[in-house]
Amino acid sequence: MPVDLNSSQLYFNRELSWLQFNSRVLAQALDEKLPPLERLKFLAIYGTNLDEFYMIRVAGLKALFKARVQETGPDKLTPSEQLEQIQEYLHKEHQVLESCYTSIIAELHTHGVNVKNFDALNLDEQLDIKEKFFNEIYPVIIPIAVDATHPFPHLNNLSFGLALTLTDDSKHIKHGLIRIPRILPRFIQLGQTFIPIESVVEHFASELFPGFSPLASTPFRVTRNADIEIEEEEADDFLQILQEGLRSRNKGSLVRLELIDGADADLIHFLLSHLNLDHNDIYSYKSLSLNLGSFWQIVGDDALSHLVSPTFNPKTLPPLESENIFEAIEKQDILLYHPFESFEPVVQFIKQAAAGPETLAIRMTLYRAGPKSPIVKALIDAALDGKQIMVLVELKARFDEENNLRWAKALEDAGAHVVYGIPGLKVHAKVAQVIKRKGTKLQSYVHLATGNYNPSTAKIYTDFSYFTSKETFSTDATHFFHFLTGFSTYTKLDTLFMSPTQIKPKLIKLIEKEIKYGAQGHIILKANSLVDTDIIKALYLASQKGCKVELIIRGICCLRPGIKGVSENITVSSIIGKYLEHARIYYFKHDKVKCYIASADLMPRNLVRRVELMTPIIEENLTQKIEHILMLQLADNVLRWELQEDGSYTKVPSLGKMVNSHRVLEEYVEKIHDKTKKETPSYVSRLANRILKDS
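Residue numbers (the working numbering): 2 to 696.
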């Protein structure tokens, strides 16, 4: 019988799949083989991820529920069913989270590092903290009375503070709040002891409300809907509209209230009634302090660096360690794999172009450049020097809007031509083009990437950088930038592929081509997320025809593997480790090109609602490099998880030789870096061959 590929039984819910991903992050924090602050780092990442999930995804589901929308995806779950299952999942995981934190704190204690509430300090320590309170905290925090003449205040997104029940000598009962601003550190530090600030403020609460004594108090934190809605078609001044949207982020509807377990019932009622939330919106902690992301303060303490995993220093390998970057690109296409291979050549690509007198123009896209970008500074210098600088700054890059606004204004002030995006589409492509004069001719150099132009994140994200001076790529890059700055509503590139018009049809065509080879067909897709239903259906058809389909999907995966007659030839892996797997690679065994790298994930937003680029890797040696990286990751038996038919993930058993793909690449690049250029063949090819042979 033919299988109905529209059946909801063939698709996992994207929100529940994301929760599984965050659980794999939490599993890293549970790994006792890691140093204690490395574990605490993953706990911080888990909490930061969860904050964003509530601000965007849960907030969106609540909005759909209020709008009475009944279905949201191919899994057919209603918004209310999803909200219920999210709550159930997180409540089940809560005990694991608490146990993990307790274990990490106990291990830190053996290294002389402690997290203690004020009441657990000795007398001398309490006196030190008292002095800090009156000198550094008391002048900054804000006590707020709440009664008939003092309305409940507006609380910004991720606001943190204390709610109190107070009484005076006449036994009058009052409610109040103490807001703890973000400018204050989350933990007050005494040597290697970290004291949560709320326990200090709670102890001295009576100093903030003279004449009143606290009867009960509880720390709390609120989360709002932080998704910005912009009516671009109605925007005469996009910058102004975006700035208004950023201000409105702190006014979005409330979606979560975080509390400590055992909070006073009267105070909970007081908060819920004023915040317009109910008990289902409460997320409680026992031993944990509110705001898991704040553990970065402890993780980032330089004095404790011996308690995190050793930092790897990325290497610049031949030919870029000695040659001028533009001369090297003219000789051969170059493919870098970050963070093992340094991101510095990308920075130098822009810096040298900005400083070079023969440079005529630099064009590039910026999505997440970071707050202290050497690349943007080089572009500003080039613009001031009179070079033609064109930059598309994507102002809609979520949670990076303020950075991008600042850079856009600085670039404009310097004389650069700045484009602020395209109405209705988010520009997520990563591309830079440098045009130089060489004698009587112009020479173009192009950089295409899977990740952002951000040197900081390039040290922790795995991504590809591709340099070429091939004319076909340069022509497409020119057409692409003309599309961004002009009125064109459609541009077809000849060598590169651009969404929203080209990438998805090309991928489906490549899958269909591989289907023709039946059991000889082989597809490997590596991405952050797989959500697009059309891509999933095409992969199901490939599996039904016997094609081997190997998916390396870090996060959300809505495809259900292992279903007889549908997906038994599909495996789904997820690698979670020291580095954030961010590269997108699409491999097709029987295609002439075989390997493509892309800025686009396999999601409708990337394939239909964004401007993205997919790059064919034409040079055979670079294709082999990518193939070996894929093989290495599929051989990983330390960091890799496998998705099961029921939606759960299981850690791949570490049988035989231990293969940690992150660590192996670090060690091998270190060895290659120490060798001479003459002795250095394709390092990844040698690496992968050795690993695959041994395993």
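We treat Cβ as the ideally placed atom computed from N, Cα and C, and that holds for glycine.
If you're wondering where the values come from, they're calculated on a predicted model, not measured in any experiment.
Discussion item. Beta-carbon within less than 7 Å of I516's beta-carbon, same chain only, minus the 5 sequence neighbours each way: which residues are those?
Written reply: Residue mapping note: residue 516 aligns to position 515 of the sequence shown, counting from 1. The residues are G522, L542, A543, K546 and C548.
Worksheet item: Distance, Cα to Cα, L20 vs N529?
Response: Here the question's residue 20 lines up with position 19 in the sequence shown. Here the question's residue 529 lines up with position 528 in the sequence shown. Between L20 and N529, the C-alpha separation is close to 14 Å.
Worksheet item: Looking at the structure shown, is C596 part of a helix, part of a strand, or coil, going by DSSP?
Response: Here residue 596 corresponds to residue number 595 of the sequence shown, with the count starting at 1. Reduced to three states, the DSSP call for C596 is strand.
Practice prompt. Quick one: residues in its chain with C-beta nearer than 6 Å to the C-beta of F239, no 5 flanking neighbours on either side, listed in chain order?
Written response: Position 238 of the sequence shown holds residue 239. Confidence in F239 is poor, its pLDDT being 42 and thus under 50, which makes the residue's placement unreliable; the coordinate value appears in the next sentence. Same-chain partners within the cutoff: Y421.
Item to complete: Helix, strand or coil for V612, going by three-state DSSP, please let me know.
Response: Translated into the one-based positions of the sequence shown, residue 612 becomes position 611. In the structure shown, V612 sits in a strand (DSSP, three-state: E or B).
Item to complete: Return the first residue and the last residue of the beta strand (DSSP E) that S544 is part of.
Response: To locate residue 544, count along the sequence shown from 1; it is residue 543. S544 -> not in any beta strand (DSSP E); alpha helix (DSSP H) instead, spanning T534 to Q545.
Practice prompt. Kindly indicate which residue of Y139, G162 and K175 has the alpha-carbon position closest to the one of H151.
Written response: Working through the sequence shown from its first residue, we reach residue 151 at position 150. With distances taken between Cα atoms, H151 lies closest to K175.
Item to complete: Output the distance between the C-alpha atoms of H110 and P319, rounded to the nearest integer angstrom.
Response: Looking up residue 110 in the sequence shown gives position 109. Looking up residue 319 in the sequence shown gives position 318. Near 45 Å, if we compare the C-alpha coordinates of P319 and H110.
Worksheet item: Between L393 and V428, is the Cβ-Cβ spacing less than 8 Å?
Response: Translated into positions along the sequence shown, residue 393 becomes position 392. Translated into positions along the sequence shown, residue 428 becomes position 427. Contact: yes.
Discussion item. Considering only the alpha carbon of each residue, which of Y338, V532, K63 and G416 lies closest to D76?
Written reply: Along the sequence shown, read from residue 1 onward, the residue named residue 76 stands at position 75. The shortest C-alpha separation from D76 is found at V532.
Worksheet item: Opposite L443 in the DSSP bridges: which residues?
Response: Within the sequence shown, the letter at position 442 stands for residue 443. Looking at the DSSP assignment, L443 forms a beta bridge with R438.
Fill in: Per-residue DSSP class, three states only, for Y518
On the sequence shown, position 517 is the one that residue 518 refers to. Coil.
Worksheet item: Where does the unbroken alpha helix (DSSP H) through G48 begin, and where does it stop?
Response: Position 47 of the sequence shown holds residue 48. Unbroken alpha helix (DSSP H) run through G48: P37 to E53.
Practice prompt. Could you check how far apart the C-beta atoms of I189 and K133 are, in whole angstroms? I think they sit under 8 Å.
Written response: Counted from its first residue, the sequence shown places residue 189 at position 188. Counted from its first residue, the sequence shown places residue 133 at position 132. Indeed, because the Cβ distance is near 6 Å, the residues count as touching under 8 Å.
Item to complete: With distances taken Cα to Cα, identify the nearest neighbour of L163 among D148, V223 and P140.
Response: As a position in the sequence shown, residue 163 is number 162, starting the count at 1. The candidate whose alpha carbon is nearest that of L163 is V223.
Discussion item. Contact defined as beta carbons within less than 8 Å: I believe A206 pairs with I179. What is the distance between those atoms, to the nearest angstrom?
Written reply: Here residue 206 refers to the residue found at position 205 when the sequence shown is read from its first residue. Here residue 179 refers to the residue found at position 178 when the sequence shown is read from its first residue. Between I179 and A206 the Cβ distance is about 7 Å, and since that is below 8 Å, they are a contact.
Worksheet entry | Pick from E99, I553 and C596 that is closest to L293, judged by C-alpha positions | Walking along the sequence shown from the start, residue 293 turns up at place 292. For L293, the nearest C-alpha among the options comes from E99.
Fill in: Rounded C-alpha distance that separates E551 from N314
Taking the sequence shown and counting its residues from 1, one reaches residue 551 at position 550. Taking the sequence shown and counting its residues from 1, one reaches residue 314 at position 313. Roughly 31 Å separates the two Cα atoms.
Worksheet item: Quick one: what's got a C-beta closer than 8 Å to N455's C-beta in the same chain, skipping five residues either side?
Response: Reading the sequence shown from its first residue, position 454 is the one you call residue 455. Contacts found: R369, A370, G371 and S374.
Worksheet item: How far does the alpha helix (DSSP H) with R664 in it reach, from first residue to last?
Response: On the sequence shown, position 663 is the one that residue 664 refers to. Residues S662 to H674.
Worksheet item: How is the beta strand (DSSP E) around P197 delimited, first residue to last?
Response: Numbered from its first residue, the sequence shown carries residue 197 at position 196. From DSSP, the beta strand (DSSP E) with P197 extends over T194 to P197.
Worksheet item: Is the beta carbon of L508 less than 8 Å from the beta carbon of Y588?
Response: As a position in the sequence shown, residue 508 is number 507, starting the count at 1. As a position in the sequence shown, residue 588 is number 587, starting the count at 1. Cβ atoms of L508 and Y588: not closer than 8 Å.
Practice prompt. Measure from the C-beta of E132 to each C-beta in chain B and report whether the shortest distance is under 8 Å.
Written response: Looking for chain B here will not work: only one protein chain is present.
Worksheet item: By DSSP, does V428 sit in helix, in strand, or in coil?
Response: Numbered from its first residue, the sequence shown carries residue 428 at position 427. Strand.
Worksheet entry | Secondary structure of K131, DSSP reduced to three states | Counting from one through the sequence shown, the residue named residue 131 turns up at place 130. If DSSP states are grouped into helix, strand and coil, K131 belongs with the helices.
Item to complete: Report yes if the C-beta distance between L44 and A64 is below 8 Å; otherwise report no.
Response: The count along the sequence shown starts at 1 and reaches residue 44 at position 43. The count along the sequence shown starts at 1 and reaches residue 64 at position 63. Against a cut-off of 8 Å, the Cβ pair of A64 and L44 comes out as no contact.
Practice prompt. Look at N14 and G74 and say whether their C-beta atoms are less than 8 Å apart.
Written response: Taking the sequence shown and counting its residues from 1, the one referred to as residue 14 is at position 13. Taking the sequence shown and counting its residues from 1, the one referred to as residue 74 is at position 73. The answer is yes: Cβ separation under 8 Å.
Worksheet item: To the nearest whole angstrom, what separates the beta carbons of I576 and R641, a pair I think is in contact under 8 Å?
Response: Position 575 of the sequence shown holds residue 576. Position 640 of the sequence shown holds residue 641. Between R641 and I576 the Cβ distance is about 5 Å, and since that is below 8 Å, they are a contact.
Item to complete: Tell whether a beta-carbon distance below 8 Å holds between R611 and P506.
Response: Position 610 of the sequence shown, counted from the first residue, corresponds to residue 611. Position 505 of the sequence shown, counted from the first residue, corresponds to residue 506. No; because the gap between Cβ atoms is not below 8 Å, this pair is not in contact.
Discussion item. Quick check: what's the CA-CA separation for V201 versus I138?
Written reply: Mapped onto the sequence shown, residue 201 falls at position 200. Mapped onto the sequence shown, residue 138 falls at position 137. Whole-angstrom Cα-Cα distance: 9 Å.
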